[in-house]
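S.K.:
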């Protein structure tokens, strides 16, 4: 069975919060097109673990948002592009190879 679920990144939420995982780190929230299914979330975590850019970053899914920890030296556009790539790869993988339960 193939998944027709497609999640898209909408925009970066204006809400930012300090994060104690590293000095001067903050968490930003990226709004998703919808709340992803458990299957999509598992595949996204797997895809993020494969990519160096996302593997080293703390990313969690909170309802219809990605919570992403950034540091002052991070370029937000680059982070957003890395997230877009991970989301697109997740969508493609689920369309052809759904995660097994």
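Numbering (my numbering), first residue to last: 41 to 141.
For every residue, glycine included, the Cβ atom is placed at its ideal position computed from N, Cα and C.
Give me, in chain order, the residues of the same chain whose beta-carbon lies closer than 6 angstroms to that of residue 65; leave out the 5 immediate sequence neighbours on both sides.
M.R.: Residue numbering aside, residue 65 sits at position 25 when the chain shown is read from its first letter. 59, 109, 111.
S.K.: Do residue 99 and residue 88 count as a contact pair if the criterion is CB distance below 7 angstroms?
M.R.: Within the chain shown, numbered from 1, the residue matching residue 88 stands at position 48. Within the chain shown, numbered from 1, the residue matching residue 99 stands at position 59. Contact flag set, yes.
S.K.: Tell me, to the nearest whole angstrom, how far the beta carbon of residue 135 is from that of residue 43; I am working on the premise that it is less than 8 angstroms.
M.R.: Indexing the chain shown from 1 puts residue 135 at position 95. Indexing the chain shown from 1 puts residue 43 at position 3. Residue 135 to residue 43, Cβ: 6 angstroms. Contact.
S.K.: Enumerate in chain order the residues of its own chain whose CB-to-CB distance from residue 129 is below 7 angstroms, with the five nearest sequence positions on each side excluded.
M.R.: To locate residue 129, count along the chain shown from 1; it is residue 89. For residue 129, where only same-chain residues beyond five positions count, the Cβ hits under 7 angstroms are 87.
S.K.: DSSP beta-bridge partners for residue 66?
M.R.: Position 26 of the chain shown, counted from the start, is the residue given in the question as residue 66. Answer is 58, 110, bridged to residue 66.
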